[in-house]
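So the sequences go chain by chain: A and B. 73 is the number of the first residue of the first sequence in the numbering used here; add one for each residue after it. 73 is the number of the first residue of the second sequence in the numbering used here; add one for each residue after it. Glycine is no exception: its CB is placed at the ideal position from the N, C-alpha and C atoms.
2 protein chains.
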Amino acid sequence: MINHNYEKLQGSYLFSETARRTAAFQQAHPDRNLIKLGIGDVTLPLAPAVTEAMHRAVDEMGRAETFHGYAPEQGYEFLRSVIAKHDYQDRGCDISADEIFVSDGAKCDCGNTQEMFSGDVHIAVCDPVYPVYLDTNVMAGRTGEYDGATGRYAGVTYMPCTLENGFVPQIPEKMPELVYLCFPNNPTGAAIRKEELQKWVDAANRSGSILLYDAAYEAYITEEGIPHTIYECDGAKTCAIEFRSFSKNAGFTGVRLGFTVVPKELKRDGASLRDMWFRRQGTKYNGTPYIVQKAGEAVYTPDGQKQIKEQVAYYMENAAVIREGLISCGYQACGGVNSPYIWMKTPSGMTSWEFFDYLLDHAGVIGTPGSGFGPSGEGYFRLTAFGSHESTKEAVERIRKM
Amino acid sequence: MINHNYEKLQGSYLFSETARRTAAFQQAHPDRNLIKLGIGDVTLPLAPAVTEAMHRAVDEMGRAETFHGYAPEQGYEFLRSVIAKHDYQDRGCDISADEIFVSDGAKCDCGNTQEMFSGDVHIAVCDPVYPVYLDTNVMAGRTGEYDGATGRYAGVTYMPCTLENGFVPQIPEKMPELVYLCFPNNPTGAAIRKEELQKWVDAANRSGSILLYDAAYEAYITEEGIPHTIYECDGAKTCAIEFRSFSKNAGFTGVRLGFTVVPKELKRDGASLRDMWFRRQGTKYNGTPYIVQKAGEAVYTPDGQKQIKEQVAYYMENAAVIREGLISCGYQACGGVNSPYIWMKTPSGMTSWEFFDYLLDHAGVIGTPGSGFGPSGEGYFRLTAFGSHESTKEAVERIRKM
């Protein structure tokens with residue numbers, strides 16, 4: 073009667089285990105001041121332009137003549153059209169408002185979009201990988217059993233991302249039907265150049281695969297030549313769905329707003345994926361709160377843009393402090409240039425979890441073991457730039473003295 | 073490659089078709105003033121206790137020291153504990169905060185909870201029925217093809233609700249694994265007495281079925297002996313999941329807040345459904361906005377309770393006006409006593425759609441054809457109590473003169 077695929081899932085979720093070890097350490101050493109650079113949650117408050125818009129929206133909801141009931145399941149036109157213009161048309165990408173679906177966040181959309189595909193399609197994921205892509209497919213029965221010896225699920229194409237390939241995976245010889253890509257990447261912090269991403273688009277158009285492209289961190293791109301959206305590549309509209317989030321560019325992790333782009337040109341088996349997603353959202357989703365959509369609209373005002381760019385710049389100062397601090401101490405570290413994540417090689421052949429305990433014990437700094445993101449993450453470690461300037465500098469100083 | 077179950081779905085969604093006919097009529101008769109008693113959306117603004125709490129929460133989100141990032145996927149403890157006390161423990165139901173899962177609404181949860189069950193379980197739905205229960209299962213492949221002659225999907229147990237059985241269905245001789253029940257009912261407005269619901273609970277416990285109980289309209293119950301939650305029945309914790317919503321009791325259709333109760337005692341095939349749902353939400357959901365959860369908390373304050381009870385009373389005055397008006401004109405009408413919906417028999421053997429056009433043309437009143445909710449709804453028509461007092465009275469006067 074129940075969905076037995078859940079039994080394939082691996083029990084201890086990465087962040088539960090890091091939280092457990094942290095709590096045990098703190099209990100044993102109540103005097104130690106720990107610095108958390110583990111979880112990818114933002115810390116700066118919402119920008120004034122955003123809170124002002126939310127206050128206005130709350131007032132509207134409190135008056136009969138401006139009250140808003142059920143929102144359109146696809147999202148209000150006022151938000152979809154500003155997204156289409158700012159994030160796509162202004163970059164030369166021909167994406168229109170009716171190809172944009174507003175939601176409560178990219179995490180939900182990454183899981184839910186699978187429902188458009190049959191239960192037996194094959195998937196490819198990067199290794200290491202954001203666990204949600206994989207676990208949601210495990211739950212939907214698109215994988216075999218987990219093999220403890222390899223740390224992998226049967227039936228899944230894993231694409232290793234390592235120092236050797238600059239954390240940009242090789243295109244599989246046989247492309248599975250669904251390929252998850254995330255750039256700038258969580259957890260490795262790697263970015264992909266436009267000419268490299270174009271090769272993926274071309275390969276997908278040749279094989280008929282669909283690229284599920286997570287661009288949640290595009291606001292952190294600082295270098296030229298790095299695409300902010302996959303639709304900068306020619307032909308992406310016939311092979312790619314893109315996930316976007318307000319969590320990291322505008323600090324909306326607790327506000328919940330994202331969107332998914334499903335182009336009208338994207339068709340498989342004679343069906344329009346855009347129309348299928350429209351039907352899915354109309355049937356199973358009931359719209360994003362009006363107040364939250366007004367908050368999202370405020371992000372695109374001149375004041376909103378200025379304020380959120382200052383927030384991203386604040387975090388990117390932290391990223392530079394961590395990255396350069398680690399390198400100056402002799403560690404191998406990458407990321408942190410187009411992304412808020414720094415990905416470092418553990419020293420002296422330590423495993424990721426050994427280094428987690430070592431760093432906690434010797435520096436009182438909490439990061440995330442790379443092996444928690446997949447077997448190719450073994451021997452790596454993730455630090456995030458979402459702390460305060462003060463605590464980030466303090467963390468790097470402690471690592472230097474370690 | 074794609075999920076071909078979508079092709080079984082019937083094209084024109086009920087409310088799209090009523091909107092299309094309404095727009096066409098209004099275009100042909102621009103001078104006619106139409107009164108909309110069709111869609112179940114609220115019209116009164118948010119209560120002052122709610123907007124005040126939301127303003128405070130927005131301010132908190134705008135300051136670093138009180139900012140809230142990612143919320144717990146299950147919901148904040150402050151909201152879950154007040155729900156457990158007010159909605160369950162105070163009614164003598166032993167439901168605890170860790171059995172409550174806060175979400176963005178009952179519609180999402182009704183669809184998503186299916187993921188805990190295998191793809192081949194059988195379902196039972198009332199006929200007429202809220203289309204979401206059925207369509208989401210069609211999309212998940214738990215039905216066969218649609219039969220245009222009967223208006224039914226193959227492989228589904230339909231439970232007719234008619235005037236003859238007081239719109240409370242008979243318990244199927246062979247109970248399917250999943251049984252959807254909604255009381256007070258949308259669309260019929262019927263309520264179920266506690267001793268009747270107890271029979272369903274007993275039957276489910278005998279057969280091992282699970283009752284998916286939608287209690288979104290419990291705030292509209294005015295009569296004694298009508299259960300506000302299925303957990304008022306003995307043994308419900310081993311056979312029932314309950315869906316609840318803030319949409320209709322507090323006017324949150326555009327705010328998005330609901331919750332689902334999955335008791336710890338509910339187990340199948342040796343697995344805890346509560347633990348499965350916890351894992352599902354942790355993996356595929358990213359928490360309900362902090363601001364929305366604070367709005368929900370405000371609903372339970374003394375001021376909040378007083379204010380939302382006034383709103384429900386306002387709508388229930390409308391319900392009485394419609395119900396009594398229709399009966400005094402000689403129509404057969406029910407509902408509207410424990411529910412904001414009035415369900416009437418069409419006159420003179422008209423079909424539901426014939427009466428839709430007739431009512432639009434002769435009274436300028438828009439309702440919802442009963443046949444849109446299932447074949448047993450043919451010959452019935454739904455009116456809702458969510459208009460203003462003035463427009464509701466006017467609508468009944470126009471029907472009287474029709």
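Leaving aside the five residues before and after residue i along the sequence, list all residues of the same chain whose C-beta is less than 6 Å from its C-beta, in chain order.
i, result
"residue 416 of chain B", "398, 403, 405, 453"
"residue 97 of chain A", "432"
"residue 322 of chain B", "371, 380"
"residue 302 of chain B", "285, 308, 312, 314"
"residue 443 of chain A", "424, 449, 450"
With which residues is residue i paired in a DSSP beta bridge?
i, result
"residue 173 of chain B", "B:332"
"residue 407 of chain A", "A:414"
"residue 196 of chain B", "B:229, B:251"
"residue 472 of chain B", "In DSSP, residue 472 of chain B forms no bridge with anything."
"residue 285 of chain A", "A:253, A:314"
"residue 455 of chain A", "A:414"
"residue 440 of chain B", "B:454"
Got a sec? Which residues, its chain only, sit under 8 Å from residue i by beta carbon, not counting five neighbours each side?
i, result
"residue 113 of chain A", "325, 458"
"residue 183 of chain B", "204, 208"
"residue 294 of chain A", "388, 409, 410"
"residue 263 of chain B", "255, 256, 257, 293, 295, 298, 409, 410, 411"
"residue 353 of chain A", "145, 146, 173, 175"
"residue 156 of chain A", "167, 168, 169, 171, 172"
"residue 225 of chain A", "80, 206, 210, 215, 216, 217, 218, 219"
"residue 52 of chain A", "The structure shown does not extend to residue 52 of chain A, since chain A is modelled only from 73 through 474, so no value can be given for it."
"residue 139 of chain A", "132, 133"
Going along chain A, which residues have a C-beta under 7 Å from residue i?
i, result
"residue 343 of chain B", "74"
"residue 197 of chain B", "Simply none; closest approach about 15 Å."
Measuring CB to CB, does residue i end up less than 8 Å from residue j?
i, j, result
"residue 349 of chain B", "residue 185 of chain B", "yes"
"residue 200 of chain A", "residue 448 of chain A", "yes"
"residue 172 of chain B", "residue 315 of chain B", "no"
"residue 210 of chain B", "residue 81 of chain B", "yes"
"residue 191 of chain B", "residue 212 of chain B", "yes"
"residue 290 of chain A", "residue 165 of chain A", "no"
"residue 413 of chain A", "residue 422 of chain A", "no"
"residue 234 of chain A", "residue 196 of chain A", "no"
"residue 343 of chain A", "residue 117 of chain B", "no"
"residue 134 of chain A", "residue 232 of chain B", "no"
"residue 189 of chain B", "residue 73 of chain A", "yes"
"residue 334 of chain B", "residue 345 of chain B", "yes"
"residue 106 of chain B", "residue 439 of chain B", "no"
Below 7 Å CB to CB, which residues in the same chain sit around residue i once its five sequence neighbours on both sides are set aside?
i, result
"residue 470 of chain B", "435, 436, 437"
"residue 158 of chain A", "372"
"residue 460 of chain B", "115"
"residue 277 of chain B", "307, 310, 311"
"residue 297 of chain B", "265, 266"
"residue 317 of chain B", "177, 178, 288, 330"
"residue 356 of chain B", "none"
Name the chain A residues whose beta carbon is nearer than 8 Å to that of residue i?
i, result
"residue 548 of chain B", "Any answer about residue 548 of chain B is impossible in this case: the structure gives chain B only from 73 up to 474."
"residue 190 of chain B", "73, 74, 75, 76"
"residue 340 of chain B", "73, 74"
Using a cut-off of 7 Å between C-beta atoms, extract the partners of residue i located in chain B.
i, result
"residue 482 of chain A", "As shown, chain A starts at 73 and ends at 474. That puts residue 482 of chain A outside it, with no answer to give."
"residue 127 of chain A", "127, 130"
Output, in chain order, the set of chain D residues within a Cβ distance shorter than 8 Å of residue i.
i, result
"residue 123 of chain A", "In the structure shown, chain D does not exist; the protein chains are A and B."
In chain B, what lies closer than 9 Å to residue i by C-beta?
i, result
"residue 408 of chain A", "Under the 9 Å cutoff, chain B gives no residues; its nearest Cβ is about 20 Å from residue 408 of chain A."
"residue 81 of chain A", "351, 355"
"residue 139 of chain A", "114, 115, 116, 117, 118, 323, 326"
Against residue i, what residues of chain B qualify as contacts under a CB-to-CB distance less than 8 Å, listed in chain order?
i, result
"residue 362 of chain A", "326, 327"
"residue 348 of chain A", "74, 75, 78"
Would you mind telling me which residues of chain A sit closer than 9 Å to residue i, beta carbon to beta carbon, in chain order?
i, result
"residue 368 of chain B", "Chain A residues near residue 368 of chain B: none, gap ~12 Å exceeds 9 Å."
"residue 183 of chain B", "355, 356, 357"
"residue 208 of chain B", "355, 356"
Is residue i close to the ligand MG? I mean its beta-carbon at under 7 Å from any heavy atom of the ligand.
i, result
"residue 87 of chain A", "In the structure on display, the ligand MG does not appear, and there are no ligands present to speak of."
### Query
Do three or more CB pairs link the stretch 257 to 267 of chain B to the stretch 407 to 421 of chain B at distances below 8 Å?
By the Cβ test, the stretch 257 to 267 of chain B is in contact with the stretch 407 to 421 of chain B, since at least three Cβ pairs between them sit closer than 8 Å.
### Task
Give a yes or no on contact between the stretch 386 to 393 of chain A and the stretch 459 to 466 of chain A, applying the rule of three or more CB pairs nearer than 8 Å.
yes
### Task
State whether the stretch 240 to 253 of chain A contacts the stretch 215 to 226 of chain A, with contact taken as three or more CB pairs (one from each stretch) at a distance under 8 Å.
Judged by Cβ distances under 8 Å, the stretch 240 to 253 of chain A makes no contact with the stretch 215 to 226 of chain A, as fewer than three pairs qualify.
### Message
Three or more C-beta pairs under 8 Å: does that hold for the stretch 364 to 372 of chain A against the stretch 116 to 132 of chain A?
### Response
yes
### Task
Say whether the stretch 143 to 150 of chain A touches the stretch 354 to 364 of chain A, bearing in mind that this needs 3 or more beta-carbon pairs closer than 8 Å, one atom from each stretch.
yes
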